[in-house]
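The sequence shown maps to residues 98 to 288 in our numbering. Where a beta carbon is used, it is the ideal one built from N, C-alpha and C, also for glycine. Read the structure below first, then the notes.
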Amino acid sequence: MSNRKIAILLSGRGSNFLAIHEAIRRGDLKAEICCVIGNVPEAAGLQSAREFGLDALCIPSSGVERAQYDGKLLEGLRPYSPALVCLAGFMRILSEVFLGEYAGKVINIHPALLPAFPGLHAQRQALEYGVKITGCTVHYVDRGVDTGPVIMQRPVEIQEGDTEESLSARILEQEHDLYWRAINRILEKIN
Ligand code: GRF
98 MSNRKIAILL SGRGSNFLAI HEAIRRGDLK AEICCVIGNV PEAAGLQSAR EFGLDALCIP
158 SSGVERAQYD GKLLEGLRPY SPALVCLAGF MRILSEVFLG EYAGKVINIH PALLPAFPGL
218 HAQRQALEYG VKITGCTVHY VDRGVDTGPV IMQRPVEIQE GDTEESLSAR ILEQEHDLYW
278 RAINRILEKI N
């Protein structure tokens, strides 16, 4: 039986989640968002999910030890049986507890051409290094920080006078067009 359910995990504004939601609405992405889980109660992305009438769960992570938190996430996801868990600005590292159960089913988007500039402030890292081309990457999540196998990438040229803000905005535009394509590709492969 085909499973095109995707779960979204986020921590903040959720613009990638909105772009995925919009791609589904347009009919470009054949998937169903089964739930949106946030680890920060005030995450704007959670509020948007509620407004769309989606199942939006807040599982606060503050002060919760990693393995214990991942257990709570697994519990939250269990009723939905998603085919894919899509991290969209989810600012937590997932442990073996989580990745063991969702092996090969967790993906992330990162604002650089991995393996260059993993971790936080990837756009600032690219500017500071002085590269001429950076971009964004959708990749599988493994035990490392932004180290899993690459699924799709999109280059973005750095322009004269770019600031962290201007570069981040141009990368984000590409993220919004890349993530749903990568999800589509994976769902086609596994269904
Ligand atoms: C994006 O730049 C994404 O690449 C990174 O976190 C940011 C999330 O932005 N992982 P948003 O919450 O989707 O707007």
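Burial state of residue i, where buried means 16 or more other Cβ atoms lie within 10 Å
i: Val242; result: exposed
i: Tyr166; result: buried
i: Glu285; result: exposed
i: Ser178; result: exposed
i: Ile190; result: exposed
i: Ala200; result: exposed
i: Leu275; result: buried
i: Ala164; result: exposed
i: Ala219; result: buried
i: Ala209; result: buried
i: Gly216; result: exposed
i: Gly124; result: exposed
Range covered by the beta strand (DSSP E) that runs through residue i
i: Ile103; result: Lys102 to Leu107
i: Asn281; result: Per DSSP, Asn281 belongs to no beta strand (DSSP E); it is in the alpha helix (DSSP H), Glu261 to Ile287.
i: Ala219; result: From DSSP, Ala219 is part of no beta strand (DSSP E) but of the alpha helix (DSSP H) over Ala219 to Tyr226.
i: Asp206; result: Checking the sequence, you will find Ile at residue 206 rather than Asp. Counting along the chain, the beta strand (DSSP E) containing Ile206 begins and ends at Val203 to His207.
i: Glu162; result: Element bounds for Glu162: n/a, residue is neither H nor E.
Option in the options with minimal Cα separation from residue i
i: Ser192; options: Ile117, Gln271, Ala185 and Asp239; result: Asp239
i: His118; options: Trp277, Asn288 and Asn136; result: Trp277
i: Leu174; options: Ile156, Ala185 and Gly142; result: Ile156
i: Cys131; options: Leu217, Glu139 and Ile121; result: Ile121
i: His207; options: Tyr226, Lys102, Gln271 and Phe149; result: Gln271
i: Lys169; options: Gly124, Val194 and His218; result: Val194
i: Arg147; options: Ile255, Tyr237, Val133 and Leu275; result: Val133
i: Gly227; options: Tyr237, Glu261, Leu171 and Val235; result: Glu261
i: Ile105; options: Arg123, Leu154, Met98 and Gly124; result: Leu154
i: Leu224; options: Thr244, Asn205, Glu198 and Glu254; result: Glu254
i: Arg101; options: Ala180, Leu211 and Glu198; result: Ala180
i: Asn205; options: Ser145, Pro246 and Ala140; result: Pro246
i: Ala213; options: Thr244, Asp152, Gly124 and Ile283; result: Thr244
i: Tyr237; options: Ser263, Asn288, Gln256 and Ile283; result: Ile283
i: Leu115; options: Asn288, Ser99 and Ser145; result: Ser145
i: Gln256; options: Ile248, Met249 and Ile268; result: Ile268
Integer-rounded CB distance, given that residue j should sit under 8 Å from residue i
i: Ala128; j: Ile230; result: Not a contact, Cβ separation roughly 30 Å.
i: Arg251; j: Cys233; result: 5 Å
Chain D within 8 Å of residue i, Cβ atoms only
i: Ile280; result: Structure shown: chain D not included; a single protein chain is present.
Cβ pair residue i, residue j closer than 8 Å
i: Val182; j: Val161; result: no
i: Gly111; j: Gly150; result: no
i: Gly291; j: Leu107; result: No statement about residue 291 is possible, as the shown extent of the chain runs from 98 to 288 and does not include it.
i: Leu171; j: Glu139; result: no
i: His273; j: Asn136; result: no
i: Asn288; j: Ser99; result: yes
Where the alpha helix (DSSP H) through residue i begins and ends
i: Ala153; result: Element bounds for Ala153: not the alpha helix (DSSP H) but the beta strand (DSSP E), Ala153 to Cys155.
Whose beta carbon lies closer than 5 Å to any heavy atom of the ligand MN, going through the chain in order? Only the ligand GRF can be found as ligands here, which leaves the ligand MN out of the picture.
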